[in-house]
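Colleague:
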Amino acid sequence: MSVANFVKLIPRLVLATPFRLFAVYVSLFCVAVAIVFMYVNIAMQGFLAQEAESAVQSDFDFLAARYNEGGQGMLGQAIGERSAASNNGLYLLTDANGRWLAGNLEAVAADLWATQGAAQFAYRKRGSDARQRQAFGIVTRLPNDLHLIVARDIENQEMLKRVLRNAFLLGYALIIGIGAAGAVIVSRRMMRRVDEASSTARAIMQGNLAQRIPVTGRADEFDRLSENLNAMLDRIQDLMVGLKNVSDNIAHDLKTPLHRLRTRAERALQSSSSPEKLSEALGSVIEEADTLIQTFDALLSIARLEAGSRSESFGPLNVCALLNDVAELYEPAAEEQGLSLTTTCASNSIMMAGEKHLIVQAVANLLDNAMKYAIQPAPEGGAKHPAVELGLEDRGDFIDILVSDNGPGIPEADRERVLQRFVRLQPSRSIPGSGLGLSLVAAVARLHEGSVSLEDNEPGLRVRLRLKKNLVAAPHNAADDPLMVTHAA
Amino acid sequence: MRVLIVEDDRTAADFLAKALGEAGFQTEIAGDGEAAFDSATSSKFDVLIVDRMLPKLDGLTLVERLRERGDTTPVLILSALGAVDDRVKGLRSGGDDYLPKPYSLVELVARVEALTRRGPTERAVTTYAVGDLVLDRLSHKVSRGGETIVLQPREYRLLEYLMKHAGQVVTRTMLLENVWDYHFDPQTNVIDVHISRLRSKIDKGQGKPLLETVRGAGYMIRDERR
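Each protein sequence line maps, in turn, to chains A and B.
Note that full-length UniProt numbering gives residue 85 to position 85 of the first sequence, counting from 1, and the numbers run on in steps of one.
Note that full-length UniProt numbering gives residue 2 to position 2 of the second sequence, counting from 1, and the numbers run on in steps of one.
1. Contact criterion: CB-CB distance below 8 Å. Does ALA83 of chain B meet it with respect to chain A?
2. So, is the C-beta of ARG52 of chain B closer than 8 Å to a C-beta in chain A?
3. With distances taken Cα to Cα, identify the nearest neighbour of TRP180 of chain B among B:ALA166, B:VAL6, B:ARG154, B:LYS164.
4. How many angstroms separate the CA atom of ALA109 of chain A from the CA atom of GLY70 of chain A?
5. Compute the Euclidean distance between the alpha carbons of ARG260 of chain A and GLU288 of chain A, then round it to the nearest angstrom.
6. Where DSSP assigns a beta bridge to ASN230 of chain A, which residues make up the other side?
7. Examine chain B for any beta-carbon lying closer than 8 Å to the beta-carbon of ARG429 of chain A, and answer yes or no.
8. Leaving out the 5 sequence neighbours to the left and right, which residues in its chain are closer than 8 Å to GLU177 of chain B when beta-carbon positions are compared?
9. Tell whether a beta-carbon distance below 8 Å holds between SER301 of chain A and LEU440 of chain A.
10. Where does the unbroken alpha helix (DSSP H) through SER301 of chain A begin, and where does it stop?
11. Report the partner residues of LYS125 of chain A according to the DSSP bridge assignment.
12. With three or more C-beta pairs closer than 8 Å as the rule, is the stretch 355-367 of chain A touching the stretch 325-337 of chain A?
13. Out of A:ASP129, A:GLU227, A:ASP297, A:ASP253, which one is the CA nearest neighbour of GLY217 of chain A?
14. Return the CA-CA distance between LEU438 of chain A and GLY131 of chain B, expressed in angstroms with no decimal places.
15. Measure from the alpha carbon of LEU164 of chain A to the alpha carbon of each residue in A:ALA334, A:ALA96, A:ILE42, then state which is nearest.
16. Can you tell me whether TYR39 of chain A is buried or exposed? The criterion is at least 16 other CB atoms within 10 Å of its CB, across all chains shown.
17. Could you tell me if ASP405 of chain A is buried or exposed, where buried requires 16 or more neighbouring beta carbons within 10 angstroms of its beta carbon?
18. Taking the C-alpha atoms as reference points, what is the distance between LEU209 of chain A and ARG65 of chain B?
19. Verify whether the separation of the beta carbon atoms of ALA114 of chain A and GLY137 of chain A is less than 8 Å.
20. Determine the DSSP secondary structure at SER451 of chain A, reduced to helix, strand or coil.
21. Along the chain, where does the beta strand (DSSP E) that runs through ALA35 of chain B open and close?
22. Residues in its own chain within less than 6 Å of VAL136 of chain B by CB, not counting five upstream and five downstream?
23. Name the DSSP bridge partner or partners of THR213 of chain B?
24. Does any residue of chain A have a CB that is nearer than 8 Å to the CB of HIS140 of chain B?
25. Would you kindly check if the distance between the Cβ of THR344 of chain A and the Cβ of GLY409 of chain A is under 8 Å?
26. By the three-class DSSP mapping on this structure, what secondary structure does HIS259 of chain A have?
27. I need the DSSP call for PRO427 of chain A, collapsed to helix, strand or coil.
28. Note down the Cα distance separating SER104 of chain B from ASN189 of chain B, rounded to an integer number of angstroms.
29. Anything in chain B within Cβ reach of ASP397 of chain A, meaning under 9 Å, just list it in chain order.
30. Using CA atoms only, rank isn't needed, just tell me which of B:VAL109, B:LYS101, B:PRO102, B:LEU76 is closest to SER93 of chain B.
31. Starting from GLN26 of chain B and walking both ways along the alpha helix (DSSP H), at which residues does that stretch end?
32. By alpha-carbon positions, which one of B:LEU54, B:GLU28, B:PRO55 ends up nearest to SER42 of chain B?
33. Is ASP456 of chain A helix, strand or coil by DSSP?
34. Looking at C-alpha atoms only, which residue of A:MET44, A:LYS384, A:VAL7, A:ILE250 is the closest neighbour of ASN156 of chain A?
35. For ARG197 of chain B, return the contacting residues in chain A, with the cut-off set at a CB-CB distance below 8 Å.
36. Let's see if you can read the secondary structure: which residues bound the alpha helix (DSSP H) around HIS357 of chain A?
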């Protein structure tokens with residue numbers, strides 16, 4: 001990346017969340033370090049100063065004792081001895097005019113003599129050309145106008161302080177520098193990930209639904225987020241494709257009868273034939289309109305079922321009683337068509353929670369279908385007695401409603417497809433129906449957290465409608481209660 | 001018999017008024033919920049036909065307000081919403097019947113006629129009689145010309161409903177809703193077969209059939225001599 005580009009990035013970098021976090025952390029860290037520095041500085045200074053002070057004091061006490069003992073002579077001698085022996089002690093004895101009498105110090109600045117007691121000053125050792133160093137000492141005026149300085153070198157202390165200060169300053173520089181660099185690196189990395197996601201989102205908004213957020217494979221939180229967003233996009237894309245297919249199918253399946261209806265009306269109008277012919281034409285127009293309404297209703301129901309969750313109208317149902325009721329409705333019609341319709345329940349006390357009307361409608365749709373196909377001749381010919389069976393199996397958390405016929409069946413390859421909306425297999429185009437019956441059944445199954453599957457009945461088709469029982473509390477009580485057995489007996 | 005039609009689609013309302021007029025009803029039209037409330041509270045109607053979606057005051061609220069005032073006029077709710085939930089909501093608000101749009105005029109007229117039969121005294125009727133066909137609601141016994149007819153429970157309920165509405169057209173949907181409590185449209189003509197079974201039991205061997213098929217509409221039980 002060029003410098004210019006980087007400079008352009010700075011405002012965004014500074015606004016990025018990680019950068020701000022780093023700024024806050026670094027500031028807090030600096031404050032903490034400053035406190036530590038101040039503590040170390042004060043503690044060390046106090047310790048060193050105290051050490052120097054006590055050393056000077058004991059020297060001074062010794063010399064004061066010598067002076068009291070033997071006056072100036074004894075003092076001078078003691079200073080001489082000490083100056084020669086010690087590397088640390090600094091001594092100076094001068095007369096009233098500041099002339100050197102004894103000790104290892106050069107004469108010091110005259111204004112120092114104005115002070116009495118503890119003092120810090122610059123000094124140079126006697127006979128040395130080295131630069132001046134710092135010392136701490138006690139300045140005293142002795143009775144006969146003699147001046148005495150007893151001191152210790154503290155130049156090392158000063159240096160230590162400087163080193164310490166520099167170390168801390170360097171530390172600060174490093175903290176801020178590394179912190180800023182880290183912030184920039186992390187911010188840029190995160191910004192890149194976020195930018196990728198944003199640009200994907202923009203591409204999708206512009207209509208390219210196939211775009212996906214890149215996943216790095218580092219399995220970090222960004223990857224998890226990206227994976228979930230991608231899964232969501234997959235689902236949305238599926239829905240969009242489904243919606244498009246559906247609208248294409250709606251266009252086809254609603255437009256075809258609409259077109260027929262219009263043509264019929266137009267033809268009737270043009271021919272202006274007898275009133276009987278006209279009323280016949282009008283009758284068929286109404287029939288077409290009714291078919292359209294049915295298709296439309298079925299579509300709406302499916303759409304509502306697919307959009308909705310379990311509704312408040314879910315109630316306890318005795319499934320076997322429900323099946324018997326529906327079978328009872330269809331039984332005369334079956335008999336009239338020469339069909340046998342039998343109902344077999346594994347148990348007549350199987351309970352589930354569900355939407356009664358929808359389950360009834362699903363079973364009725366399946367029965368309608370089964371009866372339509374059972375009376376079709378078998379593909380290989382031969383005589384048979386058309387039969388439809390309604391069955392109920394208990395599968396623990398689920399119930400299976402089975403609707404079987406001995407009609408021509410559906411080839412295995414086509415079974416998955418017929419569950420989709422509007423799909424009607426070629427040979428069945430001549431049999432009336434919207435192609436929505438099974439889709440509605442599938443939608444009802446989904447609402448009840450179940451599924452629909454098609455099986456071979458050998459011969460014929462067996463539809464397995466699996467519904468979740470969804471019983472919440474005390475199902476045995478519900479089963480024991482005879483009033484719970486479907487309300488319209 | 002006076003009917004108040006509450007419908008904001010003027011064309012639909014006019015068609016309705018015409019069809020009901022031909023069936024012998026006097027009709028009045030209200031174009032919005034507030035006007036309907038005023039009409040319904042200022043004069044007496046035998047049936048109200050209320051569209052669910054109305055300007056100013058929606059149909060369900062209108063019915064609720066009328067019921068709060070103690071008005072028990074039978075109400076038929078019309079709605080483009082046909083799902084079971086919507087029906088339940090409509091009936092819970094105080095409607096007596098619910099017909100999803102689009103409806104056939106025959107169906108609507110039949111339902112309005114059925115509603116006019118719903119009166120407070122109706123509950124007390126223990127025997128229905130059409131010609132020489134008699135249904136005893138207490139003993140659940142049916143006889144024609146003094147001869148007992150044995151019916152299955154469902155056949156009994158079917159006949160009871162038809163006889164309750166004797167002289168009126170009863171549609172297949174009305175039968176499915178009131179006798180079976182199902183709200184869907186079976187593709188096979190299941191009801192017709194039930195009717196023909198019933199017919200064979202009550203009309204077979206009798207000189208004059210009582211249970212008629214009304215073409216394009218449904219069924220009617222009546223005694224033509226009257």
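For every residue, glycine included, the Cβ atom is placed at its ideal position computed from N, Cα and C.
Modeller: According to the data block:
1. yes
2. no
3. B:ARG154
4. 28 Å
5. 8 Å
6. Answer by DSSP bridge pairing: none, since ASN230 of chain A is not bridged.
7. The predicted model places ARG429 of chain A with a pLDDT of 42, which falls under 50 and marks its position as unreliable, so this point remains unresolved.
8. HIS183
9. yes
10. 275-307
11. A:LEU105
12. yes
13. A:GLU227
14. 46 Å
15. A:ILE42
16. exposed
17. buried
18. 50 Å
19. no
20. strand
21. Element bounds for ALA35 of chain B: not the beta strand (DSSP E) but the alpha helix (DSSP H), 33-42.
22. For the record, residue 136 of chain B in the displayed sequence is Asp; it is not Val. Counting only Cβ-Cβ distances below 6 Å, and skipping sequence neighbours, we find THR127.
23. B:TYR219
24. no
25. no
26. helix
27. Note that PRO427 of chain A scores 46 on pLDDT, short of 50, meaning its location in the model is unreliable and no value can be drawn from it.
28. 18 Å
29. Under the 9 Å cutoff, chain B gives no residues; its nearest Cβ is about 25 Å from ASP397 of chain A.
30. B:LEU76
31. Note, GLN26 of chain B: premise wrong, no alpha helix (DSSP H); beta strand (DSSP E) at 26-30.
32. B:GLU28
33. strand
34. A:MET44
35. PRO332
36. 356-374
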